[in-house]
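Structure, as structure tokens:
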Amino acid sequence: MGAGTGGLALVARLARQLNAPLPADQTLRALLAELRAGLGAGRVALWMREPNAAGFTRVADPADPAPPEPVASLETLPPAPAARRWRLVHDGEWLGLLEVEAPPPEPLLLEAVADLLAPFLASLELSEDLALEVAERSREVESQRLFTSLIIDSLPVGLYVIDRDYRVQVWNRRRELGPQGRPRAEVLGHVVFDVLTRQPREEFQAEFDRVFASGELAVVEVDVAVGEQLRTYRNTKVPMRLGDGGVTHVIVIGEDVTEARAMTERILQSEKLAAIGQLAAGVMHEINNPLATIGACVAALEGRLDALPGAARPVFEEYLGLVDKEVVRCTGIVNGLLDFSRPKARRQAAVALNALVIEALDLLRHHPRYKRVQVVRELEADLPDAVGNAEQLVQAVLALLLNALDALESGGRLTVRTRRPRARGDEVVLEVEDTGMGIPRAEQTKIFEPFYTTKPPGRGTGLGLSICYGIIEAHRGRIEVESAPGRGATFRVALPVFRLDAAAPPPAVAGLGG
Numbered sequence: 002m003g004a005g006t007g008g009l010a011l012v013a014r015l016a017r018q019l020n021a022p023l024p025a026d027q028t029l030r031a032l033l034a035e036l037r038a039g040l041g042a043g044r045v046a047l048w049m050r051e052p053n054a055a056g057f058t059r060v061a062d063p064a065d066p067a068p069p070e071p072v073a074s075l076e077t078l079p080p081a082p083a084a085r086r087w088r089l090v091h092d093g094e095w096l097g098l099l100e101v102e103a104p105p106p107e108p109l110l111l112e113a114v115a116d117l118l119a120p121f122l123a124s125l126e127l128s129e130d131l132a133l134e135v136a137e138r139s140r141e142v143e144s145q146r147l148f149t150s151l152i153i154d155s156l157p158v159g160l161y162v163i164d165r166d167y168r169v170q171v172w173n174r175r176r177e178l179g180p181q182g183r184p185r186a187e188v189l190g191h192v193v194f195d196v197l198t199r200q201p202r203e204e205f206q207a208e209f210d211r212v213f214a215s216g217e218l219a220v221v222e223v224d225v226a227v228g229e230q231l232r233t234y235r236n237t238k239v240p241m242r243l244g245d246g247g248v249t250h251v252i253v254i255g256e257d258v259t260e261a262r263a264m265t266e267r268i269l270q271s272e273k274l275a276a277i278g279q280l281a282a283g284v285m286h287e288i289n290n291p292l293a294t295i296g297a298c299v300a301a302l303e304g305r306l307d308a309l310p311g312a313a314r315p316v317f318e319e320y321l322g323l324v325d326k327e328v329v330r331c332t333g334i335v336n337g338l339l340d341f342s343r344p345k346a347r348r349q350a351a352v353a354l355n356a357l358v359i360e361a362l363d364l365l366r367h368h369p370r371y372k373r374v375q376v377v378r379e380l381e382a383d384l385p386d387a388v389g390n391a392e393q394l395v396q397a398v399l400a401l402l403l404n405a406l407d408a409l410e411s412g413g414r415l416t417v418r419t420r421r422p423r424a425r426g427d428e429v430v431l432e433v434e435d436t437g438m439g440i441p442r443a444e445q446t447k448i449f450e451p452f453y454t455t456k457p458p459g460r461g462t463g464l465g466l467s468i469c470y471g472i473i474e475a476h477r478g479r480i481e482v483e484s485a486p487g488r489g490a491t492f493r494v495a496l497p498v499f500r501l502d503a504a505a506p507p508p509a510v511a512g513l514g515g
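Numbers in the numbering used here are just positions in the sequence shown, counted from 1, shifted up by 1.
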């Protein structure tokens, strides 16, 4: 075929074929079939460069047998005497080779066809390069997204994110698996107030609105009942911005700080009691001397009552008895403070906690309130011995039991429980639980302080729990209180387990809180 009207018509058809909205491989095959038919050639083949210039692959029209394997260079192709080969060059780059068997077409026609194919192949390479780059970037973005999701899901805190419409956009695994967890599929895209309903909506929304408006971090601690326990959660609302504008999202981090808060309170309590103990030791030592002098004076005056006139003697006897009674009372308070601050060292040994509890309950059998309450014993069998001094531990248990009886003035149930916690095999635990009115949170950090009491005047000195605290601390144990108004109170004592294979002899209890 010449380069005349028929050749121009063929070039026009090829141009339309190249512009057809078909996939590249289909377009190339259709073009080769059109070219073979238009030229009346026996075979038409196209060698095109692979992506990243890795070699050349042959594209054949449907009438061609299976194409050969790719080649590294077109210069290594075996000669084809019956075919005419035409290089496809674009912007100085060799992009492929057009191969046409006899009858040979006009050079101008092949040149026109080559001018059509070369830019098309260049555009295919560019599209493939862009597609590879987009795919690589997409893989990087997806990998980074998965990595970020894993970080968020691995956090030991609950985390979720809401947008300006209060809809949940992120909900991490801790929020799914926590005590109040909900599956992610049920939460994402929903309004947070429909998901978290413990707090009134108006109050909850106001907290978010303040963060959106001010752009400042907000921290709130709330007490939440989880089963039978009261847990403390610290909720931190963090403003988030997408771009340079205002706050677009709020990140909420919920952390269970129950144990950390209890530990902080124990440390502060220990420091406070240690300071009080040092003060008490110095002050009480000085008070003992005048008390002893007053007591001696009372005894001397009582020895001279016979010298008084008959009418005056009863009056002096009454006053002297009252003074002597108050001296004894003050001496008891002083001795209690001294026991709290600097008790005598006591040797420790193995103590059967169950037997110790039974002994303490037997000592209380004749207490007036003991008979008006229901006493429940839940003593775990085969409980290992604790390390301690039995005399001092009985004193501590008695203080806890008397405190519980005072809380059950109108009756109720007193439960004494011993157990070995699963999480701490090196401890044994004693719990004294009452069904009284409970202790407000604000007072729970004060109940172990000397002289602090909620009882009416004359009903107690406020030293019982403070001495108990000092005894447990001296035994390297822990004492905790768990209570809420109207829900009673539980005092929990943890003591170390006695070990027969201990290398050193059992230590002496050298001090209670000081």
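Just so it is clear, CB atoms sit at the ideal spot from N, CA and C, and this is done for glycine as well. What you are looking at is a predicted structure, and each value in this text was computed from that prediction instead of being measured.
Cut-off 7 Å between Cβ atoms - residues of its own chain near residue i, not counting five sequence neighbours on either side
{"i": "TRP172", "result": "TYR161, ARG185, VAL188 and LEU189"}
{"i": "LEU364", "result": "LEU399"}
{"i": "GLY465", "result": "ALA400, LEU403 and ASN404"}
Residue environment, residue i, which counts as buried when at least 16 other CB atoms sit within 10 Å
{"i": "ASP257", "result": "buried"}
{"i": "ASP386", "result": "buried"}
{"i": "GLY459", "result": "Note that GLY459 has pLDDT 49, beneath the 50 cutoff, so the model's placement of it is unreliable and no number is given."}
{"i": "GLN393", "result": "buried"}
{"i": "LEU131", "result": "exposed"}
{"i": "ALA495", "result": "buried"}
{"i": "ALA207", "result": "exposed"}
{"i": "LEU99", "result": "buried"}
{"i": "GLN525", "result": "Here the chain comprises residues numbered 2 to 515, so residue 525 is not present and cannot be evaluated."}
{"i": "LEU125", "result": "buried"}
{"i": "GLN349", "result": "buried"}
{"i": "LEU178", "result": "exposed"}
{"i": "LEU431", "result": "buried"}
{"i": "ARG165", "result": "exposed"}
Euclidean distance between Cα positions of residue i and residue j
{"i": "LEU47", "j": "ARG138", "result": "32 Å"}
{"i": "ASP435", "j": "GLY489", "result": "5 Å"}
{"i": "ARG373", "j": "GLY413", "result": "8 Å"}
{"i": "GLY437", "j": "VAL417", "result": "14 Å"}
{"i": "HIS250", "j": "ARG211", "result": "12 Å"}
{"i": "ASN20", "j": "ARG30", "result": "14 Å"}
{"i": "PRO71", "j": "GLY97", "result": "12 Å"}
{"i": "GLY487", "j": "LYS447", "result": "19 Å"}
{"i": "ASP307", "j": "PRO291", "result": "26 Å"}
{"i": "GLN181", "j": "GLN27", "result": "57 Å"}
{"i": "VAL248", "j": "ARG174", "result": "25 Å"}
{"i": "ALA346", "j": "ARG477", "result": "Legend: pLDDT at ALA346 = 46, less than 50; position of this residue unreliable, value from coordinates given subsequently. Taking the straight line joining both Cα atoms gives about 14 Å."}
{"i": "GLU444", "j": "LEU362", "result": "27 Å"}
{"i": "THR518", "j": "LEU243", "result": "The first residue shown for the chain is 2 and the last is 515, placing residue 518 beyond what the model contains."}
{"i": "VAL253", "j": "VAL377", "result": "44 Å"}
{"i": "ALA313", "j": "GLU327", "result": "22 Å"}
The beta strand (DSSP E) enclosing residue i, as first and last residue numbers
{"i": "VAL395", "result": "Counting along the chain, VAL395 falls outside any beta strand (DSSP E), though it belongs to the alpha helix (DSSP H) covering 391 to 408."}
{"i": "ASP224", "result": "219 to 227"}
{"i": "GLU256", "result": "250 to 257"}
{"i": "VAL377", "result": "374 to 380"}
{"i": "PHE194", "result": "Premise fails: PHE194 lies in the alpha helix (DSSP H), 193 to 196, not in any beta strand (DSSP E)."}
{"i": "PHE492", "result": "490 to 497"}
{"i": "THR436", "result": "Premise fails: THR436 is in no beta strand (DSSP E) and is neither H nor E."}
{"i": "GLU100", "result": "94 to 102"}
{"i": "ALA46", "result": "45 to 50"}
The alpha helix (DSSP H) enclosing residue i, as first and last residue numbers
{"i": "GLY471", "result": "465 to 475"}
{"i": "LEU357", "result": "354 to 364"}
{"i": "PHE449", "result": "Careful: PHE449 lies outside any alpha helix (DSSP H) and carries neither H nor E."}
{"i": "PHE209", "result": "202 to 215"}
{"i": "ARG175", "result": "174 to 178"}
Close-in-space but distant-in-sequence residues of the same chain around residue i (CB under 8 Å, 5 per side omitted)
{"i": "VAL12", "result": "LEU110, ALA113, VAL114 and LEU117"}
{"i": "LEU122", "result": "MET49, ARG50, LEU89, HIS91, LEU96 and GLY97"}
{"i": "ARG17", "result": "none"}
{"i": "PHE317", "result": "LEU302, LEU306 and LEU309"}
{"i": "ARG168", "result": "GLY190, HIS191, VAL192 and VAL193"}
{"i": "GLU35", "result": "LEU11, ARG14, LEU15 and GLN18"}
Cut-off 6 Å between Cβ atoms - residues of its own chain near residue i, not counting five sequence neighbours on either side
{"i": "PHE492", "result": "LEU401, VAL433 and VAL482"}
{"i": "ALA219", "result": "VAL212 and LYS238"}
{"i": "ALA408", "result": "ASP435 and GLY437"}
{"i": "GLY439", "result": "SER484, ALA485, PRO486, GLY487, ARG488, GLY489 and ALA490"}
{"i": "PRO332", "result": "Inspection of the sequence shows that residue 332 is occupied by Thr rather than by Pro. If we look at THR332 and ignore the five residues flanking it on each side, its Cβ neighbours are LEU292."}
{"i": "GLY255", "result": "GLY159, TYR234 and ASN236"}
{"i": "VAL324", "result": "VAL299"}
Contact between the region 385 to 405 and the region 348 to 363 (3+ Cβ pairs under 8 Å): yes
Three-pair Cβ contact test at 8 Å for the region 148 to 157 versus the region 223 to 243: no
Cβ pair count under 8 Å reaching 3, the region 467 to 481 against the region 395 to 409: yes
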